[in-house]
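Novice: Going down the list, the protein sequences come from chains A and B.
Under numbering that gives the first Met the number 0, residues 0 to 329 are what the first sequence spells out, in order.
Under numbering that gives the first Met the number 0, residues 0 to 329 are what the second sequence spells out, in order.
2 protein chains.
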Amino acid sequence: MKEFDWIKSFLAPLVGKEGLNLEDDAALYTPPAGQDLILTKDTLVEGVHFLEGEYGADTAQRLLAVNLSDLAAKGARPVGYLLSTAWPKHLNASSLTDCMRDFAQGLANIQSAYNFKLFGGDTVRIDGPMTISATLLGGVPSGAMVRRSGAELGDIVWASGNIGDAHLGLMVALQNDDLKAYMPSSEEAHYWEESFRFPVPRLSFVDSLRLYANACADISDGVFSEALHIANASNLRIELFLSCVPLSEASQKWCLAGDEEERRMRLSSAGDDYELLFTAPSKHSHAIQDAAKAIGLRVTKIGRVTEGSGLNCVGMNGQPVAITKHGYSH
Amino acid sequence: MKEFDWIKSFLAPLVGKEGLNLEDDAALYTPPAGQDLILTKDTLVEGVHFLEGEYGADTAQRLLAVNLSDLAAKGARPVGYLLSTAWPKHLNASSLTDCMRDFAQGLANIQSAYNFKLFGGDTVRIDGPMTISATLLGGVPSGAMVRRSGAELGDIVWASGNIGDAHLGLMVALQNDDLKAYMPSSEEAHYWEESFRFPVPRLSFVDSLRLYANACADISDGVFSEALHIANASNLRIELFLSCVPLSEASQKWCLAGDEEERRMRLSSAGDDYELLFTAPSKHSHAIQDAAKAIGLRVTKIGRVTEGSGLNCVGMNGQPVAITKHGYSH
Chain A
0 MKEFDWIKSF LAPLVGKEGL NLEDDAALYT PPAGQDLILT KDTLVEGVHF
50 LEGEYGADTA QRLLAVNLSD LAAKGARPVG YLLSTAWPKH LNASSLTDCM
100 RDFAQGLANI QSAYNFKLFG GDTVRIDGPM TISATLLGGV PSGAMVRRSG
150 AELGDIVWAS GNIGDAHLGL MVALQNDDLK AYMPSSEEAH YWEESFRFPV
200 PRLSFVDSLR LYANACADIS DGVFSEALHI ANASNLRIEL FLSCVPLSEA
250 SQKWCLAGDE EERRMRLSSA GDDYELLFTA PSKHSHAIQD AAKAIGLRVT
300 KIGRVTEGSG LNCVGMNGQP VAITKHGYSH
Chain B
0 MKEFDWIKSF LAPLVGKEGL NLEDDAALYT PPAGQDLILT KDTLVEGVHF
50 LEGEYGADTA QRLLAVNLSD LAAKGARPVG YLLSTAWPKH LNASSLTDCM
100 RDFAQGLANI QSAYNFKLFG GDTVRIDGPM TISATLLGGV PSGAMVRRSG
150 AELGDIVWAS GNIGDAHLGL MVALQNDDLK AYMPSSEEAH YWEESFRFPV
200 PRLSFVDSLR LYANACADIS DGVFSEALHI ANASNLRIEL FLSCVPLSEA
250 SQKWCLAGDE EERRMRLSSA GDDYELLFTA PSKHSHAIQD AAKAIGLRVT
300 KIGRVTEGSG LNCVGMNGQP VAITKHGYSH
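1) Identify which residue in Pro-77/B, Trp-86/B, Ala-291/B and Gly-33/B has its Cα closest to the Cα of Thr-357/A.
2) Using a Cβ-Cβ cut-off of 8 angstroms (strictly less than) and excluding sequence neighbours within five positions of Ala-291/B, which residues of its own chain qualify?
3) Between Leu-266/B and Ser-250/B, which are expected to be in contact by the criterion C-beta below 8 angstroms, what is the C-beta distance as a whole number of angstroms?
4) In terms of residues, what are the limits of the beta strand (DSSP E) holding Thr-122/A?
5) List the residues of chain A whose Cβ lies closer than 7 angstroms to the Cβ of Lys-40/B, in chain order.
6) I'd like the span of the alpha helix (DSSP H) that includes Gly-270/A, first residue to last.
7) Which word fits Asp-4/B, buried or exposed, when buried means at least 16 other C-beta atoms lie within 10 angstroms of its C-beta?
8) Return the residues of the segment 99-119 of chain B that lie within a Cβ-Cβ distance of less than 8 angstroms from chain E, sorted by chain order.
9) Name the chain A residues whose beta carbon is nearer than 9 angstroms to that of Ile-218/B?
10) Taking only beta-carbon positions, decide if Tyr-211/A is within less than 9 angstroms of chain B.
11) Apart from the five residues just before and just after Gln-34/A, which ones in its own chain have a Cβ nearer than 8 angstroms to its Cβ?
12) Restricting to Cα atoms, I'd like to know which of Val-123/B, Val-44/B, Trp-253/B and Asn-213/B is closest to Arg-124/A.
13) Go through the segment 168-250 of chain B residue by residue and report every complete run of the alpha helix (DSSP H) that reaches 4 residues or more, in order.
14) Can you give me the C-alpha to C-alpha distance between Ser-328/B and Leu-235/B, rounded to a whole angstrom?
15) Along the segment 225-239 of chain B, where does the CB come closer than 8 angstroms to a CB of chain A? Name the residues.
16) Please report how far the alpha carbon of Thr-134/B lies from the alpha carbon of Phe-9/B, in whole angstroms.
17) Counting only Cβ-Cβ distances shorter than 8 angstroms, please list the residues of the segment 301-317 of chain B near chain A, keeping chain order.
18) Between Leu-241/B and the rest of its own chain, which residues show a CB-CB distance below 8 angstroms, the 5 nearest in sequence each way excluded?
19) Quick one: grab the DSSP three-state call for Leu-50/B.
20) Which of the three DSSP states, helix, strand or coil, is assigned to Ile-131/A?
21) I'd like the list of long-range same chain contacts for Ile-109/A, defined as Cβ closer than 6 angstroms, with 5 residues on each side in sequence excluded.
22) Give me the Cβ distance between Val-156/B and Thr-278/B, rounded to the nearest whole Å; I'm assuming they're in contact under 8 angstroms.
23) Indicate the three-state DSSP secondary structure (helix, strand or coil) for Asn-316/A in the structure shown.
24) Select from Asp-121/B, Thr-84/B, Asn-213/B and Gly-105/B the residue whose C-alpha is nearest the C-alpha of Leu-276/B.
25) Would you say Lys-73/A lies against chain B (beta-carbon separation less than 9 angstroms)?
26) Can you pull out the residues from the segment 136-151 of chain B whose beta carbon lies closer than 8 angstroms to at least one beta carbon of chain A?
27) Which residues, taken in chain order from the segment 10-40 of chain A, show a beta carbon closer than 9 angstroms to some beta carbon of chain B?
28) Relative to the alpha-carbon of His-48/A, which residue among Gln-318/A, Glu-17/A, Gly-309/A and Gly-270/A has its alpha-carbon at the smallest distance?
29) Label Gly-317/B either buried or exposed according to how many other C-beta atoms from any shown protein chain fall within 10 Å of its C-beta, with 16 as the threshold for buried.
30) Grab the span of the alpha helix (DSSP H) containing Ser-102/A for me, first residue to last.
31) Beta-carbon of Arg-331/A versus every beta-carbon of chain B: anything under 9 angstroms?
32) Suppose you measure from the CA of Gly-326/B to the CA of Leu-81/A; what does that come to, to the nearest Å?
33) CA-CA distance, Leu-167/A and Tyr-54/A?
34) Please state whether DSSP places Asp-41/B in a helix, a strand or coil.
35) Taking just the CA atoms, how far does Glu-192/A sit from Ile-162/B?
See below:
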């Protein structure tokens, strides 16, 4: 299986007209009038950002989902993407073909779920871990991008979905001893692992985000880390209430089975949630809740924007807790 | 040296306003009216696309140059880029900082030479070879992109610059035995090696290309390979004259020191030239030569577009030569 075969057999069906049948050196995109382009590029390395040896659909979906999550946080809808894949040399011809077929299926799944196309990219072999990178193009109406730096004094801080499930799912996937001692039910373990394996980019909320939010980031590196980024970029302080960080029933149960505060801190700094962390004026709170309810998305108030700088986390007993680890530094 | 330090110390000075100070999840680009976007993404792997252990300015320049060459072939000027770097884990903190400083200097050199900015990207560590990827955005006036598929019957086929110098430069860099037996002068060896190390994207010719050319590709995988791509994409046949493939004096001398035809074939299939291979109606021949002369660029007629399909190479004695290797398949 050589580069041209991979392109012709597996990638060609995924290509939009912008990709010029993958026959050219570059893609051609004519931006519609009145649209700003949002661009994001994330790289995943085998054994760091996805599990070793997982060369198929799950990894392809993860690559697109984490990039889509960046677009969602900016209020943007995806338009297309460029893809680079470095396939490990240790894969023999037949395994490589199987992996490529499965990987392309994962790309197809996400493309059709979120309605965007492949524009181009390249393929190489690597004598090392599989390394994949996608550059996504998204569109927002001119001037409507939601920035990290837009938080305003008095804003409410919100989180979408549940925090920490993905982290516990990674512990399940890695058969981590901590979690084995806890002995989750098979339903809980399955639920967590799926949360880790299949992050859901919150693209269904982008219209509301553009309407109501002043600032947003997606939670890739943990709630604390992203909140600190928003606070710093906005030259303000964020106060978070640990007791308000939204957890699933399963994760709530896990927290209560140990030192609740310590475990909630761990889940809030772990990352890989790919939920939205956003700030909005309090006058929009009802509208935000209604809009989220309409699409079946949980949204939770977890803090507020105050004067000052940095991050303050209020613990379970109402006292500030020191944050020793803002997030996971890849 | 962690991700945030690399970004703040070395990348921040390279960022355009579109990069939002690298403080956001994504970049924001407002395309000017009347412009099409040209997008290209190329990945380089240590030991495959650049020499092992070369983590500094040369490699950074190579990464941008090979992507810029793709834009040049489409008649586009660069606007900005997203960059992903996967730094090898074996580099200790101090070497890593040195490499990062040097790498960023290479980026700065190319950015200022061709007038474009960094928009964003990401950084990871890898337990394997350094792997770097850039996505370049270029602009052309609406509808003016030069495609691979535009060749027309009767077009002249042209090549810019000299072919094969980069290949011989790679042989010098690798201390290849073939070349050692030939014993080039130190000037020749230096000239070849520089040609390999510092490909020059032919951006100075893009206006002429848009004016006169029907089809173009940049020569990354060898003259034969790229000519075949143009022929196939255009549903026509290309006939190339081996004796016309432009060589530097040094490379010409090397060819004459062995089997000239075999050596010319080798240089024409080797790749890494990053010259332009383009087709244009014969009525534009004078204008093309004048335009090239004005910017000090050598351009040479090397063939023609005929009826049929595929590629025909006419050898030194006027007879067709079988092409066994269209190019280097990475």
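Just so you know, even glycine gets a beta-carbon here, dropped at the ideal spot from N, CA and C.
Here the structure is a predicted model, which means the values were calculated and not measured.
Specialist: In brief:
1) In the structure as shown, chain A starts at 0 and stops at 329, and residue 357/A therefore has no counterpart that could be examined.
2) Sequence-distant Cβ neighbours of Ala-291/B in its own chain, meaning closer than 8 angstroms and more than five residues away, are Ser-159, Phe-204, Ser-207, Arg-297 and Val-298.
3) 6 angstroms
4) From DSSP, the beta strand (DSSP E) with Thr-122/A extends over 116-125.
5) Within 7 angstroms of the CB of Lys-40/B, the CB atoms of chain A belong to Leu-81, Ser-83, Gly-119, Gly-120, Asp-121 and Thr-134, in sequence order along the chain.
6) Neither: Gly-270/A is in no alpha helix (DSSP H) and is coded neither H nor E.
7) exposed
8) Absent from the structure is chain E; the protein chains it does hold are A and B.
9) Result: empty, since nearest Cβ-Cβ is about 11 angstroms, beyond 9 angstroms.
10) no
11) Gly-138, Val-139, Pro-140 and Ser-141
12) Val-44/B
13) 176-181, 185-196, 205-211 and 222-233
14) Only weak support exists for where Ser-328/B lies, its pLDDT of 43 falling under 50; the value from the coordinates is given anyway. Spanning the two alpha carbons is a distance of roughly 23 angstroms.
15) His-228, Asn-231 and Ala-232
16) Computed Cα separation, rounded: 19 angstroms.
17) none
18) Taking C-beta separations shorter than 8 angstroms and ignoring five residues to either side along the sequence, the partners of Leu-241/B in its chain run Glu-260, Arg-263, Met-264, Ser-267, Cys-312, Val-313, Gly-314, Met-315 and Val-320, following chain order.
19) The three-state reading of DSSP puts Leu-50/B in coil, since its state is none of H, G, I, E or B.
20) strand
21) Gln-60 and Leu-63
22) 5 angstroms
23) coil
24) Asn-213/B
25) Lys-73/A counts as touching chain B.
26) Leu-136, Gly-137, Ser-141, Met-144, Arg-146, Arg-147 and Ser-148
27) Glu-17, Leu-19, Asn-20, Glu-22, Asp-23, Asp-24, Ala-25, Ala-26, Leu-27, Tyr-28, Thr-29, Pro-30, Ala-32, Gln-34, Asp-35, Leu-36, Ile-37, Leu-38, Thr-39 and Lys-40
28) In terms of Cα proximity to His-48/A, the closest of Gln-318/A, Glu-17/A, Gly-309/A and Gly-270/A is Gly-270/A.
29) Gly-317/B is classed as exposed because its beta carbon has fewer than 16 other beta carbons within 10 Å across all chains shown.
30) The displayed chain sequence assigns Phe, not Ser, to residue 102/A. Note, Phe-102/A: alpha helix (DSSP H), 92-113.
31) Since the displayed chain A opens at 0 and closes at 329, residue 331/A lies outside it and no answer follows.
32) Reliability of the predicted coordinates at Gly-326/B is poor, the pLDDT of 49 falling under 50, and the value obtained from them is presented with this limitation in mind. Roughly 24 angstroms between the two C-alpha positions.
33) 22 angstroms
34) strand
35) Rounded to the nearest whole angstrom, the CA to CA distance from Ile-162/B to Glu-192/A is 54 angstroms.
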